[in-house]
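Engineer:
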Amino acid sequence: MSENILEMRNISKSFTGVKALSDVNFQVAKGEIHCLIGENGAGKSTLMKVLSGVYPYGTYEGDIIYEGNVMNFSRISDSVKTGIVIIYQELALFPDLSVYENIFAGNEVKRGGIIDWNETIIKSREMLQKVKLNVNPETPIRELGVGKQQLVEIAKALSKDVKLLILDEPTAALNENDSENLLELLRDLRDQGITCIMISHKLKEVISIADKATVLRDGKTICTLDGAKGEITESSIIKNMVGRDIEDIYPKRPDKKFGSPILEVKNWSAYDQELGRHVVKNVDMHVNKGEIIGIAGLMGSGRTEFALSVFGNPKNYKLEGELLVDGKTRSFKHTSDAIHAGIAYVTEDRKGDGLFLIQDIKSNVTVANLKQISPGGVVNENEEVQVASGYKNSMYIKASSIEQTVGNLSGGNQQKVSLGKWLFVGPKLLILDEPTRGIDVGAKFEIYTIMNKLISEGMSIIMISSELGEVLGMSDRIYIMAEGKIKGELTAEEADQEKIMHFATQ
Amino acid sequence: MNFFTEARSLLKVNIRDYGMYIALFVIMLTFSIMTDGLFMSSRNISNLLDATGYIAVLAVGMTLVIVIRHIDLSVGFAAGFMGAIAAILLSQMGVPFYLTIPIILVLGIVIGMFNGVLVASIGIPSFVSSLAGMLIFRGALLQVTEKTGTIIVKDDNFNAIGNGYLPAIAQIGGLNLLALIIGAITILFFIYSEASKRRQKIKYKFEVVSNQIFVVKMLFVSAIIAYVTWILAGYNGFSWTVVITLAVVIIYHFLTTRTVLGRHIYAVGSNPEAAHLSGINVKKITYIVFGSMGMLSALSGILYTSRLQSATTTAGTLFELDAIAAAYVGGVSAAGGVGKVTGSIIGALVMASLSSGMNLLGVGISYQYMIRGAVLALAVIFDVMTRKKRG
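From first to last, the protein sequence lines are chains X and R.
With our numbering as the guide, the letters of the first sequence map in order to residues 24 to 529.
With our numbering as the guide, the letters of the second sequence map in order to residues 646 to 1036.
(1) Any heavy atom of the ligand NAP closer than 7 angstroms to the beta-carbon of G435(X)?
(2) Mark L1006(R) as exposed unless 16 or more other C-beta atoms lie within 10 angstroms of its C-beta, in which case mark it buried.
(3) Quick one, are the C-beta atoms of S324(X) and M504(X) less than 8 angstroms apart?
(4) Step through the CB atoms of chain X and report whether any lies within less than 8 angstroms of the CB of L906(R).
(5) Should Y872(R) be labelled buried (16 or more other beta-carbon atoms within 10 Å of its own) or exposed?
(6) Let me see if you follow: with CB-CB separation under 8 angstroms, is N916(R) close to chain X or not?
(7) For F379(X), which residues in chain R fall below 7 angstroms Cβ to Cβ?
(8) How would you list, in chain order, the residues of chain X whose beta-carbon sits under 8 angstroms from the beta-carbon of G982(R)?
(9) So within the stretch 291 to 351 of chain X, which uninterrupted alpha helix (DSSP H) runs reach at least 4 residues, ignoring any that extend past its ends?
(10) The alpha helix (DSSP H) that contains Y553(X), what's its start and end?
(11) Could you tell me whether the stretch 799 to 816 of chain R touches the stretch 753 to 770 of chain R, using the rule of 3 or more Cβ pairs below 8 angstroms?
(12) Using a C-beta cutoff of 8 angstroms, does E852(R) count as contacting chain X?
(13) Quick one: complete alpha helix (DSSP H) runs, 4+ long, within the stretch 141 to 192 of chain X?
(14) What did DSSP end up calling E30(X) once you bin it into helix, strand or coil?
(15) Measuring alpha carbon to alpha carbon, tell me which residue in L432(X), Y368(X), L74(X) and R373(X) is nearest L188(X).
(16) Nearest to V934(R) by alpha carbon, out of R653(R), G682(R), G807(R) and M707(R)?
(17) In angstroms with no decimal places, state the Cα-to-Cα distance between I870(R) and M665(R).
(18) Apart from the five residues on each side of it in sequence, which residues of its chain come closer than 7 angstroms, Cβ to Cβ, to Y80(X)?
(19) Using 8 angstroms as the Cβ pair cut-off and three pairs as the minimum, do the stretch 77 to 91 of chain X and the stretch 470 to 483 of chain X touch?
(20) Residue ranges of each alpha helix (DSSP H) run of no fewer than 4 residues wholly in the stretch 918 to 943 of chain R, ordered along the chain?
(21) Could you spell out the range, first to last residue, of the alpha helix (DSSP H) harbouring F803(R)?
(22) Quick one: which unbroken alpha helix (DSSP H) runs of 4-plus residues sit fully inside the stretch 653 to 693 of chain R? Chain order, please.
(23) Shorter than 8 angstroms from the beta carbon of S923(R) to some beta carbon of chain X?
(24) Using the three-state DSSP reduction, which class does A505(X) fall into: helix, strand or coil?
(25) Can you find the residues in the same chain that come closer than 6 angstroms, C-beta to C-beta, to H57(X), ignoring five residues on each side of it along the sequence?
(26) Please list the partners that L393(X) has in chain R, where partner means a Cβ-to-Cβ separation under 7 angstroms.
(27) Can you grab the Cα-Cα spacing for the pair G784(R) / M727(R), in whole Å?
(28) Would you list the residues sitting across from T256(X) in a DSSP beta bridge?
(29) In chain order, what are the residue ranges of uninterrupted beta strand (DSSP E) at least 3 long that sit wholly in the stretch 55 to 119 of chain X?
(30) Is there contact between the stretch 277 to 295 of chain X and the stretch 342 to 360 of chain X, where contact requires at least three CB pairs shorter than 8 angstroms?
(31) Nearest to G807(R) by alpha carbon, out of S884(R), V705(R) and A765(R)?
(32) Can you pull the chain R neighbours of V408(X), defined as C-beta to C-beta under 7 angstroms?
(33) So, is F334(X) buried or exposed, given that buried needs 16 or more other C-beta atoms within 10 angstroms?
(34) Counting only Cβ pairs nearer than 7 angstroms, list the residues of chain X close to N926(R).
(35) Could you please give me the residues that DSSP links to E287(X) through a beta bridge?
(36) Starting from the C-beta of T790(R), find all residues in its chain whose C-beta is less than 8 angstroms away, skip the five residues before and the five after it, and write them out in chain order.
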């Protein structure tokens, strides 16, 4: 294990002015399992997309040297031809096609332009044997569990003569048994000479499997740890992952007074029928009046799913457990029930399912509580204008008028419109999901200030966030989620970055 | 900013809204010139409006269906079927006129709601469920007209809906007095409501057009209303069909622009996920929109049956496509959330003017279809292009 199969030199990549990667160096030796680690947004996925040609040559700076040659991939198929195959977290299988059709999709076994199905099936059996998957190749993918689907993806990669296999959080959706099997298979493949890059959030896994581990933070390479030298330990990884200086941009709240619990869940579980697994499992937590609760965790840890399961369950999860609002057991049939009970949810994806981008500010602000300004079902437009202007002024929404289309506003102003919409409902508990994602520092500070003001007016807040600084700076109490479970609870005093990351990567 | 640069920039910004008005104007002008004014004669315009009525009410309902990102192909034969039921109730079962109308309208709501349940609760794509509905209603129409063939309606009240006119009260120089009065009131009401809207906007310091532009716009619209009134007054005045259609447009225009229900419909259309997360019951909105579509199909069936004074085995053929075309020509967007009821009415008038004008010119039916198809395609291309420019 000496020569490098891959070397990425000084890779930089920007998205409309924001640097996602800056001067990243990354070396992978032939025949090793190399883990890539970092917080959400550290640049792991971007780096792998540069490598696989999703971002073509010319859109990034730096060199990719693969098997000794500089590579200029202009599309994914170019990288596949050289033996680089990437398997994404969301599997790219066709659920209604059979296993063998999936394995050779895009890479069909042809004779004179006609697909040879018999040969396809025979070859697919071979591939399935290699990944130790014992299923009939004619089974539709839909009938397999996620663990087996993952193996089919790997079989598909093997059918393309893969030399460098990239897996993006392969075990995120798997149970422990399936995860163990998958790791075992990766070790086998390594012994057959296949190099593997694995992105993972689970440190135990990394420690058990990695020959080397590279840590990225804020688009930069922090270090590469060598397992042979005993450098891959939990503490060393976490130290390198977090070590960011936290700027003090968080406005202080002078007097903190907490009341009785406004929201309580007991043994709360949510089962996603489409995914076929629990997205929230046995969660116990509570929010007191006047409190800001931070929910930390990495992507896919079940934070958003938890919020939705409480907020009227719009995704139709199967719910178990008890939900109490203001001490009373409640069960919401629709988001409107949750809103009536005093809960508001500001979504993490404000463009996708938060705002009505083609409508103007005033329609967006009033939509969730239109009835209040509509006696007899007819909207009182004067009152609507006053309400919307009120929020525009009090939150400093920068727009030419409240008749401006929301799609044309900046991210920070869009977020304020979202907030305004929910404040107009007058909730007791405000759930903010990634409230400051993609907005500039000035707007962030304004949003924190608004949060503090709301708390002082008697509201309670749950803030879901991937930004550790924000969680630490704003929260009174912090829950850390991973795999749909609450892995830890910390008070503001005892919490620090390393403790949170310790729980989040379990 | 001087008058002409402001006018030009207004036109540029609002080209989507003004486009179809301009198109209608150009089409009418072209046909008037080509037919030596025959097209704009009282008789022709009056006929044109009466022939548009039963498509126009469908287009109004279809606008809302398309706004919430669905489609309803069953409305044509549903209208034909319900028209036939109305004829049977009146002629064969002796149900009085004033009972028949509400019965048919309620039947329409039930049929529409059923479609809504299939789409919203069971999750069948509306294209498929309404295609099934189209086949079923076509069969049902044949079934009920099978024994007798065409069912003649002899009820005078019913037939007046499609053929009668508002009484004239008196004639002034050969013009229908009531029509003139209605026209004058409409103009006054229009100017009053626009002026008060403008006052409100100025009060809240919203952007408003300059005084000059405002006056020109008022004069222009008033002139058009006056002209149409004058033309109609020269024939038989306002027909019941026109009155009913106008009533439907006014009610739906109010409903869509001023009420909570209307706002929720557009919210669902522009982002169903966000609507759900805002506490809007998307299913309920879907039921209501399909229910209203069913009711308007019933009304369309009544208008058509009454116009022909009989229910025929082929009533309703291709109505749905005319209604959908009218909605698209009128600026409704297939991407959802965008489209005005008034726009769809203009769309229906554009399509009807094309037919009427080409008939006067003696253009063959084969060319007529091709030209109308081309206009539809152009309208949607225009829609897509102006949208791209904005985004």
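Note that CB positions come from ideal geometry on N, CA and C, so glycine has one too.
Given the structure is predicted, the values throughout are model-derived calculations rather than measurements.
Structural biologist: Once the coordinates are examined:
(1) In the structure on display, the ligand NAP does not appear, and there are no ligands present to speak of.
(2) exposed
(3) yes
(4) yes
(5) exposed
(6) yes
(7) A912, S915, N916 and A919
(8) F379, I381 and Q382
(9) 326 to 333
(10) Outside the displayed range of chain X (24 to 529) lies residue 553(X), so it cannot be described from this structure.
(11) no
(12) yes
(13) 169 to 182
(14) strand
(15) L74(X)
(16) M707(R)
(17) 17 angstroms
(18) N95, F96 and S97
(19) no
(20) none
(21) D801 to N808
(22) 660 to 679
(23) yes
(24) strand
(25) V51, I220 and K235
(26) V905 and R908
(27) 12 angstroms
(28) None; T256(X) has no bridge partner.
(29) 56 to 60, 84 to 89 and 107 to 110
(30) yes
(31) S884(R)
(32) Y849
(33) buried
(34) H357 and S359
(35) H309(X) and L347(X)
(36) A729, I796, A956, T957 and T958
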